[in-house]
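Number of protein chains: 2
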Amino acid sequence: MSKNNLTNQYLDAIEEELRRAVLRSEEPHLGHFDYMMAYHLGWEGEGSGPEARGKRIRPLLVLLSNASAGGNWQAALPAAAAVELVHNFSLIHDDIEDDSPLRRGRVTVWKKWGVPQAINTGDAMLTLAHLWLLRLETTTSPTIAFQSTKILQNACLLLTQGQYLDIAYESHASLPMDAYWHMVAGKTAALLTACTEIGALTAGANEARCQAFHQFGYSLGLAFQAQDDILGIWGDAALTGKSTASDLLAGKKSLPIIYGLNQGGPFARRWAEGPIQPAEVKGLADQLEAEGALLFTRQSASEMTRQALDSLAEANPTGEAGQALIDLANQLLSRQG
Amino acid sequence: MSKNNLTNQYLDAIEEELRRAVLRSEEPHLGHFDYMMAYHLGWEGEGSGPEARGKRIRPLLVLLSNASAGGNWQAALPAAAAVELVHNFSLIHDDIEDDSPLRRGRVTVWKKWGVPQAINTGDAMLTLAHLWLLRLETTTSPTIAFQSTKILQNACLLLTQGQYLDIAYESHASLPMDAYWHMVAGKTAALLTACTEIGALTAGANEARCQAFHQFGYSLGLAFQAQDDILGIWGDAALTGKSTASDLLAGKKSLPIIYGLNQGGPFARRWAEGPIQPAEVKGLADQLEAEGALLFTRQSASEMTRQALDSLAEANPTGEAGQALIDLANQLLSRQG
């Protein structure tokens with residue numbers, strides 16, 4: 000079986016598992032409740048289909064970590080569904096918090112059914128995530144299920160802490176670098192860390208190996224975010240200035256922007272004057288680059304990538320899944336869009 | 000020790016346990032995050048104090064169920080804190096969903112710090128609840144901790160299902176009775192059921208006794224809600240028409256109102272014409288009573304109360320805590336305000 004076949008097999012199984020986790024109520028009075036979740040997950044409604052579902056990176060990380068640590072990946076499926084549901088709970092709530100009308104080109108849940116139903120749908124998805132995770136009791140063992148619950152709940156706490164910082168920082172004129180890393184450790188790295196660690200744990204890996212998978216997920220998350228921040232300013236979509244993909248237009252406190260603000264040069268002075276306009280995007284991206292922000296962010300991303308790959312080597316992923324995991328990491332860290 | 004002393008001892012211990020569960024981050028950059036939770040829980044900020052904290056009925060039910068089933072109540076403290084945090088998570092989100100600017104006379108979290116921070120603060124409180132519950136692993140056993148996690152997560156799912164129905168029903172002209180009971184089973188009874196069942200479980204009670212405690216909590220929740228619905232129309236605060244405590248002004252689909260709508264008489268015709276005004280409250284309450292809604296709701300509340308007390312008798316609560324539990328149930332079910 001080629002690498003693509005392996006990943007495709009996993010992706011099909013993930014989708015089936017997610018459906019089992021979410022579409023559970025057969026009572027007709029709850030049909031629309033389930034429908035809202037099915038809509039968000041890309042299964043139902045206008046624009047549904049593979050494009051609407053996202054890349055399912057987190058559940059793939061669970062299954063690949065599990066299989067490459069010598070596990071039976073089917074046993075980790077409840078965890079794979081759980082992390083994807085946690086991710087999507089956070090997207091439903093983030094979309095309200097960021098006032099985003101669209102996600103992946105589709106109308107967001109709050110925009111379609113109102114803020115009250117969207118808040119509650121997110122709450123339900125978070126609960127379904129943790130409920131489904133408990134199924135590890137039968138696919139692995141009660142001890143592993145309990146340990147996985149601890150890991151995922153801790154990740155959720157870090158996620159809310161990171162989200163708190165993100166919202167709080169919006170009103171700050173500038174930020175120290177460590178504030179950025181605190182935020183990203185919660186917003187991006189915490190859940191990826193849980194994915195790789197639970198993957199190894201459900202494979203029965205020993206503590207040292209679980210810890211190496213944990214570290215891999217953590218550094219991967221930080222590197223992924225730094226890479227994302229580069230694309231948010233110098234990526235193709237961002238540079239046109241027509242897309243809200245540009246972090247300059249969105250006024251986002253990304254790593255290169257914080258670097259630029261801390262330089263106190265022309266970029267920082269322009270930023271302080273008020274919202275950036277589409278016509279300025281290309282010029283300001285050049286200015287930020289001239290002030291060293293692109294180089295700095297690339298160096299940060301490289302450093303985190305190096306750490307991620309070191310931890311992955313220490314985790315010693317084996318077999319076809321191990322190669323697929325290394326490929327997925329490289330792909331995430333060198334992506335251009 | 001008198002009953003009051005017992006309850007007061009429990010209440011002090013609950014408050015200490017809640018503080019340990021919530022105020023955990025010593026990192027200064029998260030100080031304000033904790034502060035928002037401490038504000039909501041009535042410990043900090045304007046109007047803080049015992050009046051701002053609510054009655055802590057749910058954690059009391061956990062500890063009294065535990066002690067009256069022969070347990071060591073201190074061992075159940077993690078569960079007591081957890082159910083109160085779940086309740087308060089739902090209040091933070093409900094206040095956004097209902098657009099409520101005040102709770103217990105204090106400005107709500109969303110009104111004070113904005114909807115984005117309030118959504119996220121609720122998410123964090125839900126997560127802290129489940130994280131803290133896992134402490135039962137050391138105070139009881141891993142098996143009991145795992146079983147309690149299942150019970151509380153299931154209650155949370157029912158809670159979100161009930162909340163979904165509540166929001167969905169706002170736009171319905173009338174409702175069948177079973178729709179009301181579906182909603183209340185989720186919104187009110189599910190969490191009370193978890194309280195009494197986890198109380199018994201952490202005491203090491205056998206399955207039949209846990210089931211009796213479960214049934215007690217469930218019927219108590221339904222009776223409590225029916226009683227609440229009576230007070231919402233014929234209680235002192237509701238009858239003045241100056242208070243938003245009146246379910247007639249709020250347009251709430253409570254049990255007597257659904258009964259009146261289903262009669263299709265003068266009350267239903269007035270309801271269909273648009274929002275009730277304060278000057279009409281007393282007259283419409285009389286009209287509803289004349290149509291039989293008060294009698295019907297009293298009969299429903301009595302029936303549920305009888306079921307609750309039957310289940311409680313079957314649960315055979317013993318000792319001083321047992322008497323306190325019976326007293327608490329009677330107090331909740333005969334309250335006038």
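Protein sequences, first through last, are from chains A and B.
All residue numbers for the first sequence refer to numbering that gives the first Met the number 0, where the first residue is 0 and numbers rise by one.
All residue numbers for the second sequence refer to numbering that gives the first Met the number 0, where the first residue is 0 and numbers rise by one.
Yeah, the Cβ is synthetic: ideal placement off N, Cα and C, and Gly gets one too.
inquiry  = Contact defined as beta carbons within less than 8 Å: I believe G121 (chain B) pairs with F88 (chain B). What is the distance between those atoms, to the nearest angstrom?
reply    = Your numbering for residue 121 (chain B) matches position 122 in the second sequence. Your numbering for residue 88 (chain B) matches position 89 in the second sequence. The pair is a contact, with the Cβ atoms about 5 Å apart (cut-off 8 Å).
Near-chain A residues of the stretch 124–151 of chain B (beta-carbon distance less than 8 Å), N- to C-terminal order = L125, T126, L127, H129, L130, L133, E136, P141, T142, A144, F145, T148, K149: these are the residues of the stretch 124–151 of chain B whose beta carbon lies less than 8 Å from some beta carbon of chain A, given in chain order.
For G198 (chain B) and G70 (chain B), the rounded distance between their alpha carbons = As a working note, residue 70 (chain B) is residue 71 in the second sequence. As a working note, residue 198 (chain B) is residue 199 in the second sequence. Cα to Cα, the separation comes out at about 8 Å.
request  = Would you please verify whether the beta carbon of C155 (chain B) is less than 8 Å from any beta carbon of chain A?
outcome  = Taking the first residue of the second sequence as 1, we reach residue 155 (chain B) at position 156. Judged by the 8 Å Cβ criterion, C155 (chain B) is in contact with chain A.
ask   = Mapping DSSP to helix, strand and coil, what is A328 (chain B)?
value = Here residue 328 (chain B) refers to the residue found at position 329 when the second sequence is read from its first residue. Helix at A328 (chain B).
query = Based on the DSSP secondary-structure assignment, which residues constitute the bridge partners of V106 (chain B)?
reply = Translated into the one-based positions of the second sequence, residue 106 (chain B) becomes position 107. V106 (chain B) pairs with B:L101.
inquiry  = Give the list of continuous alpha helix (DSSP H) stretches no shorter than 4 residues that lie fully inside the stretch 166–219 of chain A.
reply    = 176–183, 189–201
Contacts that H181 (chain A) makes with chain B (C-beta to C-beta distance below 9 Å) = Mapped onto the first sequence, residue 181 (chain A) falls at position 182. Near H181 (chain A) (Cβ distances below 9 Å), the residues of chain B are E26, H28, L29.
query = DSSP three-state call for P316 (chain B): helix, strand or coil?
reply = For this step, residue 316 (chain B) is matched to residue 317 along the second sequence. It is coil, neither helix nor strand.
query = Whose Cβ in chain A lies nearer than 9 Å to the Cβ of L164 (chain B)?
reply = Working through the second sequence from its first residue, we reach residue 164 (chain B) at position 165. Residues of chain A passing the Cβ test: H28, L29, F32.
inquiry  = Is it the case that the stretch 122–138 of chain B contacts the stretch 75–86 of chain B, given that we only count it when at least three CB pairs across the two stretches are under 8 Å?
reply    = yes
Proximal chain A residues relative to I118 (chain B), where beta-carbon distance stays under 7 Å = As a working note, residue 118 (chain B) is residue 119 in the second sequence. By Cβ distance, chain A contributes H92, I95, E96, I118.
query = Is R55 (chain B) helix, strand or coil when you go by DSSP?
reply = Numbered from 1 along the second sequence, position 56 holds the residue referred to as residue 55 (chain B). Three-state DSSP puts R55 (chain B) in coil, outside helix and strand.
ask   = Hey, is Q160 (chain A)'s beta-carbon within less than 8 Å of any beta-carbon in chain B?
value = Counting from 1 along the first sequence, the entry for residue 160 (chain A) is found at position 161. Chain B contact via Cβ: present.
query = Which chain B residues sit within Cβ distance under 7 Å of A178 (chain A)?
reply = Position 179 of the first sequence, counted from the first residue, corresponds to residue 178 (chain A). Going along chain B in sequence order, the residues near A178 (chain A) (Cβ under 7 Å) are H28.
Burial state of L101 (chain B) (16 or more Cβ within 10 Å) = One-based indexing of the second sequence puts residue 101 (chain B) at position 102. So L101 (chain B) counts as exposed.
ask   = What is the DSSP secondary structure of K281 (chain A), reduced to helix, strand or coil?
value = Taking the first residue of the first sequence as 1, we reach residue 281 (chain A) at position 282. The answer is helix: DSSP assigns K281 (chain A) an H, G or I state.
task = Please decide whether P100 (chain B) counts as near chain A, where near means a Cβ-Cβ distance under 8 Å.
result = Within the second sequence, the letter at position 101 stands for residue 100 (chain B). No, no contact with chain A.
query = Is the CB-CB distance between I95 (chain A) and H92 (chain B) below 8 Å?
reply = As a first step, residue 95 (chain A) must be located in the first sequence, where it is residue number 96. As a first step, residue 92 (chain B) must be located in the second sequence, where it is residue number 93. No; because the gap between Cβ atoms is not below 8 Å, this pair is not in contact.
message = If you reduce the DSSP assignment to three classes, tell me which class I275 (chain B) lands in.
response = The sequence position of residue 275 (chain B) within the second sequence is 276, counting from 1. Coil, per DSSP.
query = Candidates B:Q226, B:S218, B:A66, B:N7: which alpha carbon is nearest P295 (chain B)'s?
reply = Locating residue 295 (chain B) in the second sequence gives position 296, counting from the first residue. Reading the sequence as shown, one finds Phe at residue 295 (chain B) and not Pro. Cα-wise, what sits closest to F295 (chain B) is B:Q226.
message = So, with DSSP's three-state summary, where would you put N71 (chain B)?
response = Along the second sequence, one-based indexing puts residue 71 (chain B) at 72. Three-state result, N71 (chain B): coil.
query = Near L5 (chain A), what residues of its chain come up, given a Cβ to Cβ distance below 8 Å and the 5 sequence neighbours on each side ignored?
reply = In the first sequence, the residue the question calls residue 5 (chain A) occupies position 6. These residues qualify, in order along the chain: E319, A320, A323.
key: Outcome for D246 (chain B) when other beta-carbon atoms lying within 10 angstroms are tallied against a minimum of 16   = What you label residue 246 (chain B) is simply residue 247 of the second sequence in a count that begins at 1. So D246 (chain B) counts as buried.
message = Counting only C-beta atoms, is D122 (chain A) closer than 8 Å to chain B at any point?
response = In the first sequence, counting from the first residue as 1, residue 122 (chain A) sits at position 123. With a threshold of 8 Å between beta carbons, D122 (chain A) makes contact with chain B.
request  = Output, in chain order, the set of chain A residues within a Cβ distance shorter than 9 Å of P77 (chain B).
outcome  = What you label residue 77 (chain B) is simply residue 78 of the second sequence in a count that begins at 1. None at all; the shortest Cβ gap to chain A is about 13 Å.
query = Since N115 (chain B) meets chain A, which of its residues come closer than 7 Å, beta carbon to beta carbon?
reply = Translated into positions along the second sequence, residue 115 (chain B) becomes position 116. Contrary to the premise, residue 115 (chain B) reads as Pro rather than Asn in this sequence. Those are E96, I166, listed as they occur along chain A.
request  = Count the other CB atoms, across all protein chains shown, that sit within 10 Å of the CB of G263 (chain B); report buried if there are 16 or more and exposed otherwise.
outcome  = Here residue 263 (chain B) refers to the residue found at position 264 of the second sequence. So G263 (chain B) counts as exposed.
request  = Consult DSSP for S245 (chain A) and reduce its assignment to one of helix, strand or coil.
outcome  = Here the question's residue 245 (chain A) lines up with position 246 in the first sequence. Coil at S245 (chain A), not helix or strand.
query = Short check: CB of L238 (chain B) to CB of K281 (chain B), under 8 Å?
reply = Your numbering for residue 238 (chain B) matches position 239 in the second sequence. Your numbering for residue 281 (chain B) matches position 282 in the second sequence. Cβ distance < 8 Å, so L238 (chain B) and K281 (chain B) count as in contact.
Segments assigned alpha helix (DSSP H), at least 4 residues, entirely inside the stretch 76–157 of chain A = 76–96, 108–112, 114–132, 135–138
message = Determine whether the beta carbon atoms of E16 (chain B) and L76 (chain B) lie at a separation below 8 Å.
response = Taking the first residue of the second sequence as position 1, residue 16 (chain B) is located at position 17. Taking the first residue of the second sequence as position 1, residue 76 (chain B) is located at position 77. Closer than 8 Å, so yes.
query = What residue from A:G234, A:S333, A:S147 has the CA that sits closest to A222 (chain A)'s CA?
reply = If you number the first sequence from 1, residue 222 (chain A) lands on position 223. The residue with the shortest Cα to Cα distance from A222 (chain A) is A:S333.
query = Just reading off the alpha helix (DSSP H) that P255 (chain A) is part of, what are its end residues?
reply = The residue labelled residue 255 (chain A) in the question sits at position 256 within the first sequence. Note, P255 (chain A): alpha helix (DSSP H), 254–262.
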